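Engineer:
Numbering (UniProt numbering), first residue to last: 1 to 596.
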């Protein structure tokens, strides 16, 4: 009788060192998790690097971890653990779905998992945030620097006179670490003030108060009365109420819906810039974030940054308030720009002969005529817009003209209120409007407008302004930049995103970036709903002014931007052939405009 032979399996080879024996990283290649826990008890900051020795990502991240360890090994303990060997405790106790995994501990707090790019500068930045989760704000100038940063800022005020650690300080400290758990990119910064005079600058009087700074909206103070003062609650409150004017996108390299989920929200402006997280200053990033702040500043600085302005004024010479009376009156007259409550109206009549029709901008104003006080309207009132449209359409023929290259404005008195009037500025738009717009100078020329009484038109200089730009009829020295608050004044609002071109330049190339672009600076608008995307002229430097013009050109009703189409160079020489080769650039001319 023959008995069946038993299956024979070859045992796994014993693991070997993954890191060099001279490395500052302690390599527990047999998965000794218990020994790793012992090491953690004796150190303040510990980084665990869980790896699988066969994993390509683990092998690629090994050099990055060694680089960070060489810089921080005197302050941080780096421990690498093989979590794949089947006899090791790590494999038996941990069940990871991917490798490598990085956990950081701050004393007994942790683990804080790092989910960012496996790049040395990003890992080091994250570890430094864990090392010092709170920034000490000791003076007014440091407070101004903290509040001026584009990242959301949370500030706690604690008096250290009474005891070494005042009530609530450890809770606030822990909340900063909690935020790194939820916000692993560290985009919300936490600061602490101990000086009573500095705290008064942001209206913090009582020790234990927490302040959330916002640029374009009213800043908030933590509601101690309605929420318990716990680390989790402070972190949750800060993350839910923070202001994200511009967001970083960092795809992790695997299958992900990150880009899809963001692009589904609406048209997106993707800005690619080379970014070093460890650099102390970022001039280009500062320019971009100023544009983002202006774009989202819908209150025209009425509620935005009052504290910042106060801090700046206190360090600067006294403001000369002697404004000429004429300019003061003009500021009153043009208070439309302060409270932009406007609607673009396209008159239905088309001129069949000239191929034109009239486009008007109708704005509500509340500063003309006799009034008891200046009326502040924070939001557009639907009933007022409806009343303005009624008044406008009753006088529709007043604005109807065969053809005119001028902007003509009229003030319409309201039929409902003696303190309201409406301003309507109209122009004729040609059917081939885009064809004769050849330069920005033509588009952005600011006209001089002579306002007239009800029902009469004032002539203006020859100009073609942007329709949805509320400031186009305001003189330059008053209006400033036209992009201010534009996100609230157009139906084509953009979501702004930043990507690090050092890591994600392949995305820029797919969108049309030139491979010879050594600066690695690029901007594109992607509109998923319309299935189009536009590229900022790559011959121009990526600066604030070019970004503003790019945004304004996209936002107007008749956008002069040309859709970008991905193209490959022709594979044949341009000499005559019986069969014509069609490319993206020649398709319209060869196919659509051909008589054949």
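From the three backbone atoms N, C-alpha and C, an ideal C-beta is built for every residue, glycine too. Nothing here was measured: the structure is a model prediction, and the numbers come from that model.
(1) I'd like to know whether the C-beta atoms of residue 104 and residue 114 end up nearer to each other than 8 Å.
(2) Looking only at DSSP bridge pairs, what is residue 491 linked to?
(3) Give me the residue from 236, 523, 426 with the minimum Cα distance to residue 511.
(4) Measuring alpha carbon to alpha carbon, tell me which residue in 530, 528, 554, 529 is nearest residue 536.
(5) Quick one: grab the DSSP three-state call for residue 283.
(6) Leaving out five residues before and five after residue 502 in sequence, what residues of the same chain have Cβ atoms less than 6 Å from its Cβ?
(7) Taking only three categories from DSSP, how would you classify residue 241?
(8) Note down the Cα distance separating residue 482 from residue 552, rounded to an integer number of angstroms.
(9) Does the pairing of the region 160-176 with the region 138-151 give three or more beta-carbon distances under 8 Å?
(10) Can you find the residues in the same chain that come closer than 6 Å, C-beta to C-beta, to residue 231, ignoring five residues on each side of it along the sequence?
(11) Thinking residue 61 and residue 100 are a contact (beta carbons under 8 Å), I'd like their distance in whole angstroms, please.
(12) For the beta strand (DSSP E) that contains residue 535, what are its first and last residues?
(13) Are the beta-carbon atoms belonging to residue 150 and residue 234 less than 8 Å from one another?
(14) What's the call for residue 84, buried or exposed, on a 16-neighbour Cβ count within 10 Å?
(15) Are there 16 or more other CB atoms within 10 angstroms of the CB of residue 226, so buried, or fewer, so exposed?
(16) According to the Cβ coordinates, are residue 567 and residue 589 closer than 8 Å?
(17) Could you tell me whether the region 269-285 touches the region 202-210, using the rule of 3 or more Cβ pairs below 8 Å?
(18) Return helix, strand or coil for residue 597, following the three-state DSSP convention.
(19) May I have the straight-line CA-CA distance separating residue 43 from residue 297, to the nearest angstrom?
(20) Is residue 342 helix, strand or coil by DSSP?
(21) Would you decide whether residue 484 is buried or exposed? Buried here means 16 or more other CB atoms lie within 10 Å of its CB.
(22) Would you tell me roughly how many angstroms separate the C-alpha atoms of residue 87 and residue 129, rounded to the nearest one?
(23) Cα separation between residue 278 and residue 123?
(24) In the DSSP output, what is residue 85 paired with across the bridge?
(25) Are the beta-carbon atoms belonging to residue 26 and residue 39 less than 8 Å from one another?
(26) Using CA coordinates, which residue listed in 52, 92, 95, 587 is at the minimum distance from residue 80?
(27) Just to confirm, are residue 77 and residue 127 a CB contact at a threshold of 8 Å?
(28) Cutting at 6 Å between CB atoms, please list the residues of its own chain near residue 69, excluding the five before and the five after it.
(29) Tell me whether residue 54 sits in a helix, a strand or coil according to DSSP, three-state version.
(30) In terms of residue numbering, what span does the beta strand (DSSP E) encompassing residue 113 cover?
(31) In the structure shown, what three-state DSSP assignment does residue 423 receive?
(32) Which same chain residues, not among the five before or five after residue 509, have their C-beta less than 8 Å away from its C-beta?
(33) Identify whether residue 137 lies in helix, strand or coil by the three-state DSSP scheme.
(34) I'd like to confirm the pairing. Which residues does DSSP put opposite residue 254 in its beta bridges?
(35) Check residue 172 in the structure and name its three-state DSSP category.
(36) For a test of the three-state rule: what should DSSP assign to residue 150, helix, strand or coil?
Structural biologist: Looking at the atomic coordinates:
(1) Here residue 104 is taken as the residue at index 104 of the chain shown, counted from 1. Here residue 114 is taken as the residue at index 114 of the chain shown, counted from 1. Between residue 104 and residue 114, the C-beta gap is smaller than 8 Å, which places the two residues in contact.
(2) In the chain shown, counting from the first residue as 1, residue 491 sits at position 491. For residue 491, which the question treats as bridged, DSSP gives no partner whatsoever.
(3) For the purposes of this step, residue 511 is taken as the residue at position 511 of the chain shown. Here the closest residue by C-alpha is 523.
(4) The residue labelled residue 536 in the question sits at position 536 within the chain shown. Closest option to residue 536, Cα to Cα, is 554.
(5) Within the chain shown, the letter at position 283 stands for residue 283. In the structure shown, residue 283 sits in a helix (DSSP, three-state: H, G or I).
(6) The residue you call residue 502 lines up with position 502 of the chain shown. Taken in chain order, the residues that qualify are 274.
(7) For the purposes of this step, residue 241 is identified with residue 241 of the chain shown, where counting begins at 1. Reduced to three states, the DSSP call for residue 241 is helix.
(8) Residue numbering aside, residue 482 sits at position 482 when the chain shown is read from its first letter. Residue numbering aside, residue 552 sits at position 552 when the chain shown is read from its first letter. Their backbone Cα atoms lie some 8 Å apart in a straight line.
(9) no
(10) Here the question's residue 231 lines up with position 231 in the chain shown. Cβ neighbours of residue 231 beyond the five flanking positions: 171, 174, 175, 178.
(11) Here residue 61 corresponds to residue number 61 of the chain shown, with the count starting at 1. Here residue 100 corresponds to residue number 100 of the chain shown, with the count starting at 1. That pair is a contact at about 5 Å.
(12) The residue given as residue 535 occupies position 535 in the chain shown. Taken as a continuous stretch (DSSP letters only), the beta strand (DSSP E) holding residue 535 covers 532-535.
(13) Working through the chain shown from its first residue, we reach residue 150 at position 150. Working through the chain shown from its first residue, we reach residue 234 at position 234. Their beta carbons are not under 8 Å apart, which means residue 150 does not touch residue 234 by this criterion.
(14) For the purposes of this step, residue 84 is taken as the residue at position 84 of the chain shown. Burial call: buried.
(15) Indexing the chain shown from 1 puts residue 226 at position 226. With fewer than 16 Cβ atoms within 10 Å of its Cβ, residue 226 is classed as exposed.
(16) The count along the chain shown starts at 1 and reaches residue 567 at position 567. The count along the chain shown starts at 1 and reaches residue 589 at position 589. No, the Cβ-Cβ distance between residue 567 and residue 589 is not below 8 Å.
(17) no
(18) The question about residue 597 has no answer, for the chain in this structure spans 1 to 596.
(19) Here residue 43 corresponds to residue number 43 of the chain shown, with the count starting at 1. Here residue 297 corresponds to residue number 297 of the chain shown, with the count starting at 1. Residue 43 and residue 297: Cα-Cα distance of roughly 46 Å.
(20) On the chain shown, position 342 is the one that residue 342 refers to. It is a strand residue.
(21) The residue given as residue 484 occupies position 484 in the chain shown. Flag for residue 484 reads buried.
(22) Residue numbering aside, residue 87 sits at position 87 when the chain shown is read from its first letter. Residue numbering aside, residue 129 sits at position 129 when the chain shown is read from its first letter. So the two alpha carbons sit approximately 35 Å from each other.
(23) As a position in the chain shown, residue 278 is number 278, starting the count at 1. As a position in the chain shown, residue 123 is number 123, starting the count at 1. Cα-Cα distance, rounded: 10 Å.
(24) Along the chain shown, one-based indexing puts residue 85 at 85. According to DSSP, residue 85 bridges with nothing at all.
(25) For the purposes of this step, residue 26 is taken as the residue at position 26 of the chain shown. For the purposes of this step, residue 39 is taken as the residue at position 39 of the chain shown. It is a contact, given that the beta carbons lie within the stated cut-off.
(26) Here residue 80 refers to the residue found at position 80 of the chain shown. Among 52, 92, 95, 587, the Cα nearest to that of residue 80 belongs to 52.
(27) As a position in the chain shown, residue 77 is number 77, starting the count at 1. As a position in the chain shown, residue 127 is number 127, starting the count at 1. Not closer than 8 Å, so no.
(28) If you number the chain shown from 1, residue 69 lands on position 69. Taken in chain order, the residues that qualify are 24, 25, 78.
(29) Residue 54 sits at position 54 when you count from the first residue of the chain shown. Here residue 54 sits in coil by DSSP.
(30) Taking the first residue of the chain shown as position 1, residue 113 is located at position 113. That run of the beta strand (DSSP E) goes 109-114.
(31) Counted from its first residue, the chain shown places residue 423 at position 423. It is a strand residue.
(32) Within the chain shown, residue 509 is the residue found at index 509, counting from 1. Around residue 509: 515.
(33) As a working note, residue 137 is residue 137 in the chain shown. DSSP places residue 137 in strand when its eight states are reduced to three.
(34) Along the chain shown, read from residue 1 onward, the residue named residue 254 stands at position 254. Here residue 254 is not bridged, per DSSP, to any residue.
(35) Walking along the chain shown from the start, residue 172 turns up at place 172. In this structure, residue 172 counts as helix in the three-state DSSP scheme.
(36) Taking the chain shown and counting its residues from 1, one reaches residue 150 at position 150. Residue 150 falls in the coil class under three-state DSSP.
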